[in-house]
Amino acid sequence: MMLLVVFGVVTVTFFVLRFASGDPARLLEPPGTPESTLQIVRQRLGTDKPILEQYVTYLAGLTQADLGTAFRGGGSVLPSLLRALPNTLALGVVTMIVASIGGLLLGVAAALRPNTLLDRAVLLLATVGQSTPNFWLGVILVLVFSIQLRLLPAIDLRGPESFVLPVATLALTLSPLIVRSVRQVFVEALGEDFVRAARARGISEQRVLFVHVLKVAAIPLVTLIGLETGFVLGGAYVVESIFNWPGIGSLTLQSIQGRDFPMIQGAVLVTATIIVLVNFVVDIVYAVLDPRIRY
Amino acid sequence: MDQGEVLPVLIRKLDEGTITRRQFMKAASLLGVAGAASAFLAACGVSTTPAPTVGPGASPSPVGSTPTAGAAEPTGSVRFLVAETFWADWHPYQTSAQIAYRIEQNIFDRLVEAETDDPAQVSPGLATSWNRLDDRTWEFKLREGVKFHEGQEFTAEDVKASIELASGATPVKTALAGYMVPTTAEVVDKLTVRVKSSAPFSPLLGLLAWYGVSILAKADIDAGEEKIKKAPNGTGPFRLAKDEKDRKTMEAFTDHWRGAPKIKELIWEFIQDPQTRLSALLAGQATVIDRVPPEHLLLLGGSPDISLVSKTGMENVNLFMNPNPEAPWVDKNFRKAVAWSFDRDALVKDLILGSSQVATAFIPGLARFHVEGDPHYTQDISKAKEYLAQSKYPDGGPEFELWAATGFQPRAKEVVEVIADGLRKVGMKPKVVLSDVAALIDKIFIHEGQPYRMFHLSWSSNGDPDTAERFLYKTPGVWSDRDTKVDDLIDKGAATTDDQERAKLYRELQQYQWDQVLHVPLYQPDFTIAHSKRLTGLRVQPTFATYFYSASLAS
Numbered sequence: 001m002m003l004l005v006v007f008g009v010v011t012v013t014f015f016v017l018r019f020a021s022g023d024p025a026r027l028l029e030p031p032g033t034p035e036s037t038l039q040i041v042r043q044r045l046g047t048d049k050p051i052l053e054q055y056v057t058y059l060a061g062l063t064q065a066d067l068g069t070a071f072r073g074g075g076s077v078l079p080s081l082l083r084a085l086p087n088t089l090a091l092g093v094v095t096m097i098v099a100s101i102g103g104l105l106l107g108v109a110a111a112l113r114p115n116t117l118l119d120r121a122v123l124l125l126a127t128v129g130q131s132t133p134n135f136w137l138g139v140i141l142v143l144v145f146s147i148q149l150r151l152l153p154a155i156d157l158r159g160p161e162s163f164v165l166p167v168a169t170l171a172l173t174l175s176p177l178i179v180r181s182v183r184q185v186f187v188e189a190l191g192e193d194f195v196r197a198a199r200a201r202g203i204s205e206q207r208v209l210f211v212h213v214l215k216v217a218a219i220p221l222v223t224l225i226g227l228e229t230g231f232v233l234g235g236a237y238v239v240e241s242i243f244n245w246p247g248i249g250s251l252t253l254q255s256i257q258g259r260d261f262p263m264i265q266g267a268v269l270v271t272a273t274i275i276v277l278v279n280f281v282v283d284i285v286y287a288v289l290d291p292r293i294r295y
Numbered sequence: 296m297d298q299g300e301v302l303p304v305l306i307r308k309l310d311e312g313t314i315t316r317r318q319f320m321k322a323a324s325l326l327g328v329a330g331a332a333s334a335f336l337a338a339c340g341v342s343t344t345p346a347p348t349v350g351p352g353a354s355p356s357p358v359g360s361t362p363t364a365g366a367a368e369p370t371g372s373v374r375f376l377v378a379e380t381f382w383a384d385w386h387p388y389q390t391s392a393q394i395a396y397r398i399e400q401n402i403f404d405r406l407v408e409a410e411t412d413d414p415a416q417v418s419p420g421l422a423t424s425w426n427r428l429d430d431r432t433w434e435f436k437l438r439e440g441v442k443f444h445e446g447q448e449f450t451a452e453d454v455k456a457s458i459e460l461a462s463g464a465t466p467v468k469t470a471l472a473g474y475m476v477p478t479t480a481e482v483v484d485k486l487t488v489r490v491k492s493s494a495p496f497s498p499l500l501g502l503l504a505w506y507g508v509s510i511l512a513k514a515d516i517d518a519g520e521e522k523i524k525k526a527p528n529g530t531g532p533f534r535l536a537k538d539e540k541d542r543k544t545m546e547a548f549t550d551h552w553r554g555a556p557k558i559k560e561l562i563w564e565f566i567q568d569p570q571t572r573l574s575a576l577l578a579g580q581a582t583v584i585d586r587v588p589p590e591h592l593l594l595l596g597g598s599p600d601i602s603l604v605s606k607t608g609m610e611n612v613n614l615f616m617n618p619n620p621e622a623p624w625v626d627k628n629f630r631k632a633v634a635w636s637f638d639r640d641a642l643v644k645d646l647i648l649g650s651s652q653v654a655t656a657f658i659p660g661l662a663r664f665h666v667e668g669d670p671h672y673t674q675d676i677s678k679a680k681e682y683l684a685q686s687k688y689p690d691g692g693p694e695f696e697l698w699a700a701t702g703f704q705p706r707a708k709e710v711v712e713v714i715a716d717g718l719r720k721v722g723m724k725p726k727v728v729l730s731d732v733a734a735l736i737d738k739i740f741i742h743e744g745q746p747y748r749m750f751h752l753s754w755s756s757n758g759d760p761d762t763a764e765r766f767l768y769k770t771p772g773v774w775s776d777r778d779t780k781v782d783d784l785i786d787k788g789a790a791t792t793d794d795q796e797r798a799k800l801y802r803e804l805q806q807y808q809w810d811q812v813l814h815v816p817l818y819q820p821d822f823t824i825a826h827s828k829r830l831t832g833l834r835v836q837p838t839f840a841t842y843f844y845s846a847s848l849a850s
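Chains as they are written, first to last, in my numbering: chain A, 1 to 295; chain B, 296 to 850.
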C-alpha cells in the first residue's frame, strides 16, 4: 500500500509538471534561440520524447535508485537531495518535539481547569495561533528578535541558534491543534471511572495524568502527530524560503522556477516517502499502545 | 604618430635630459591625465601597473580604471543577495540573462569599459587605445602584463578568438551574435589587433563596453564550449572560488592589472523573496541586496546604517502585444485605443515609485539618440473609444489574455490590473493571467492556436539604440512586425558612422514606432540596491551592472 501511495504521488507529479506551462529548454537558452537549437536542448534533456516514454524511462531509473540528472547544472539529483534532506528533517523533528511538548503541557493545563480564565486564555492562544499565517509570523519574529533585539540570526542555518525562529514559526502554527485535541481528550478522560479509581488509590496526580490518562489520550495524539508531519513538511516549504533554510523546501521552490523536472520529482518523491513512512510508524505505534489493534 | 608611440619618445627624451620634467608633463598632459601621470611615474622609475592610455573617441579615464597596485591587501567578505536566479552555465556569449551579464562584469574584463552613466563614453579596459581605420575596421592597442585567472598571458590572439566567437563569425551560433554583425579580427602583433566587421557597424565600440563582450582565453575557446561553460576564466578583478547552484563565491584576483581589489571575498547569492533579502540586510547577515521593492524603499530610507543606490533602468517595461496575425491589435486603431486607455504616469507615480520614469520612446531614455515621442499617451477614454470605433473592432473585439509574471518586476500584478481596468472602460475584454516567469516566457514564443495575448514584460537594453531595436523589432525579431521601414532604419542606423546622421535616423525611427505603437512602452523601472554603510565605492549602472572592484568594506 505504501509503495502504491508513493507511486501515485510520483505519477501525478510527473504528469502535472509535463502538462504545466514552462518549457525547460526555453528557460535554459536565451530569448530568441531558434527552434532548431531548442530542439537539440530538448533532446539532451529528454523532453522531446513522448511523455509516456519519458515516464517509463523515469520509472526504470527509479528502480535503480537513479532519480535523474538535474536540468540546471547537470549534476545528479540524488546528492543534492541528500544534502538538503537532513536540514529539513532536523527542522521537522525539532518542530514536532517542540509543538508536541508545548501542545501537551498547555492542553493538560487547560483540561485541568476547564472553563476558567486559564482555559479561556489557552483556547484563545490556540485560536490566534491557528489563524496566524506562518509566512507573516516568520517575518514578525525576524523583525523583533533578529533586527530589533539582535538576538538571533534572521536567515541561514548556522548552528543551534538558527533553529529558534523557524521552529517557533512552525510550532506556533502547528501546536494549536495539539492543544485543542489534548484538552478535549483529557477533559473527557478525567471524568472517567478509572481516573477516579486511580485517585482513590492515592496515586499521585502527576502519575494519574501522565501515565494513566496519557495512555488513553495517546492514540488520538499519535494520529494527530502523524497527520501533522505532512503539515510540517508543507510548512517547511514556506518557512525555508523565509529563513533561507537549505532544505528540501527551498530546493523545490527554486527548481520549480527553472522547471527543473528531475529535481522537483526527486524532492516530491522524498517528501512523499517521508510522509508515508511516518504514517507507517504511526500504525505500528498504535499496535504497541493498544494490543487490541491488529493488522 | 598616436599616443602609444608619443609617450615612449617623451620618456626617452626625459631620461636623456633633452626635455625638462615640466616640458614632459606639459606635452604628456595633452594625451590625457592618466596617461601622463603614469608615464611620468614610469619615467621617474616608479613601478605601476600599466595605466590606460586614451585613444581617439575615448573619454578621460575615470577613477575606476586607475591602477592601484601596491594598495593594502584585500580584506573582508561581502555577501550580495540578488533577486534573479543564476544562469545555468558560465558561457558569457550564450545568454542574455541580466544576472549573467552582471556577475561577468566582475569576473571578466572587456576591451573597453563603460564606467560612467553616459552611453557615449567608453574607457580603456584591456585595450589602452583604439582607432577607427575605416567604417568597418578598428585597431586596438592592448594592455601588457595582463593575466587570466588560470595564469595565461593575455594577448591579441585572445581578443581575436573572443570577438569572432561572440559576433557569430565562427560556425558556433551564439546568443550575443543577435546583437552584432559577424566580426573577424587580424592579429597585427602580440598587443595589437584589428577588428573588422562584415558590414559597417557603428555600435561596435559601445557594444563591446555596454553590452559587455567579455574577453576569454583563446586556449579555453579552442578547448570547446564545455570548458567555457564549466567555469569562468577571465582577467577581471574577482575569480570564481566556489560554484554552488544558488551561491557563487568569488575571491580577489590579486594579479589584476589594476591592482588587487579591496574586498577579499565576494559572494553573490540568489534569494528570491525580497522580504528575506531585506531581513538579512537589516540583521547584518548580508552586505548588499538588490531589487528593493517600492514598499521597502520608505522603510530603508530612514535607516542610519543603510545606503540606497537607485537607478532608472536603461530598459523599458512594455505592454507587448503578441504578433499574432489574427489578433485584433493588427489594426493600428485598436493599438492606439489601447495606448490611450490607461494612465502611465499614475503607474509610475503611485505604484512603481523609486527612480522609475514613464517611457517616452521605444529606445529607452538614457540610451544614445533617445528622442521623446509625441503625443504623450495617457488615459483619455473618449479618445480611446474614438480609435476603437474606427478600428475593425468597434465592439471591443474578442477576449484576450493580459499576462504578468509575479515575483520579479515589482507590483506587476497591480500594474496589469490597472491596465486591464482602463481597457475594460474602453470596451475591450482583457483577462488578467498571473504566472511565474517560466510560464510567461513559454507563452511569448507560442502563437499558433493560442489565445491572443498581451504581456507585461521588460527587455534589457544598453547604451546604443541598435541593441534596443535590432533584437526586438528587426525582422525576424521577437516582436517584429515585419515592417520594412523599421528594418531599413535599424540597418541604416547601425551602418552610419556619422553621429549626427545616426541621430537623424533614430529620430525618424522612434517617431515612426511611436506613431505605429506596435506595443505600449510603459516605464523605465526603478533599480535600487541597498547596502550597509560599511561598504563604500560600489558602482551601479543603469544597465544594473554592479561593480565591486572599486568597493571597500570598513571593519
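Ideal Cβ placement from N, Cα and C applies to all residues, glycine included.
Within chain B, THR380, GLN567, GLY702, ASP731, VAL732 and ALA733 have C-beta atoms less than 9 Å from the C-beta of A:GLN257, given in sequence order. At a beta-carbon threshold of 7 Å, none of the residues of chain A lie near B:LEU593; the nearest stands roughly 15 Å away. Taking every protein chain shown into account, the CB of A:PRO291 has fewer than 16 other CB atoms within 10 angstroms, so this residue is exposed. One Cα belongs to B:LEU503, the other to B:ASP759, and the distance between them is close to 11 Å. Per DSSP, reduced to three states, the secondary structure at B:GLU434 is strand. Taking a Cβ-Cβ threshold of 7 Å, none of the residues of chain A is close to B:GLN745; the smallest such distance is about 11 Å. The alpha carbon of B:ASP761 has as its nearest neighbour, out of B:PRO746, B:PRO705, B:ALA662 and B:GLN704, the alpha carbon of B:ALA662. The beta-bridge partner set that DSSP reports for B:ILE601 consists of B:SER827. The beta carbon of B:TYR688 lies closer than 8 Å to those of PRO623, ASP626 and PHE629 in the same chain, with the five residues before and after it left out. Annotation: A:ILE140 has no Cβ neighbours in chain B at a cutoff of 9 Å; minimum Cβ distance is about 11 Å. Look at the segment 487-562 of chain B and you find these whole runs of beta strand (DSSP E), each 3 residues long or longer: 487-492, 533-539 and 542-547. Around the beta carbon of B:ALA415, fewer than 16 other beta carbons sit within 10 angstroms, so the residue counts as exposed. Within the same chain, ALA470 come within 6 Å of B:SER391 by CB-CB distance, once the 5 residues on both sides are set aside.
With distances taken between CA atoms, B:TRP563 lies nearest to B:GLU399 out of B:VAL773, B:GLU399 and B:ALA790.
Just so you know, the alpha carbons of B:PRO527 and A:LEU269 end up roughly 34 Å apart. The DSSP-derived three-state label of B:ARG639 is helix. For the pair B:GLU681 and B:VAL643, the Cα-to-Cα distance works out to about 26 Å. Counting the other Cβ atoms within 10 Å of the Cβ of A:ASN115 gives fewer than 16, which makes it exposed. The segment 772-784 of chain B and the segment 707-724 of chain B do not touch, with fewer than three beta-carbon pairs separated by less than 8 Å. Taking C-beta atoms under 8 Å as the contact rule, A:ALA267 and A:LEU81 qualify, at a distance of about 6 Å.
One alpha carbon belongs to A:ASP23, the other to B:ALA461, and they sit about 26 Å apart. A distance of 7 Å or more separates the beta carbons of B:LEU817 and B:LEU804.
For the set B:GLN685, B:ARG534 and B:SER650, the Cα lying nearest the Cα of B:GLU560 is the one of B:ARG534. The distance from the Cβ of A:GLN257 to that of B:THR380 is about 6 Å, consistent with a contact at the 8 Å cut-off.
Interface flag for B:ALA383 against chain A is set, since a Cβ pair is found closer than 7 Å. For A:GLY22, the closest Cβ of chain B is nearer than 7 Å.
Identification of chain A residues near B:ILE824 by a Cβ-Cβ cut-off of 9 Å yields none; the smallest Cβ-Cβ distance measures about 18 Å. In this chain, the beta strand (DSSP E) harbouring B:LYS726 covers 725-730. Taking one beta carbon from each stretch, the segment 181-192 of chain A and the segment 107-121 of chain A have 3 or more pairs nearer than 8 Å; the two touch.
Around B:SER755, the same chain offers GLN393 and GLU610 as residues with beta carbons nearer than 6 Å, after the five sequence neighbours per side are excluded.
Under the DSSP assignment, B:GLN819 falls outside any alpha helix (DSSP H), being part of the beta strand (DSSP E) whose first and last residues are 815-819.
The beta carbon of B:LYS540 sits closer than 7 Å to some beta carbon of chain A. When B:SER602, B:ASP737 and B:GLY692 are compared, the shortest CA-CA separation from B:GLU621 is found for B:GLY692.
Using a Cβ-Cβ cut-off of 7 Å, A:LEU165 is close to nothing in chain B; its nearest Cβ partner there is about 10 Å away.
B:VAL711 is not a Cβ neighbour of B:ALA700, given a cutoff of 7 Å.
No Cβ of chain A is located within less than 7 Å of the beta carbon of B:ASP778.
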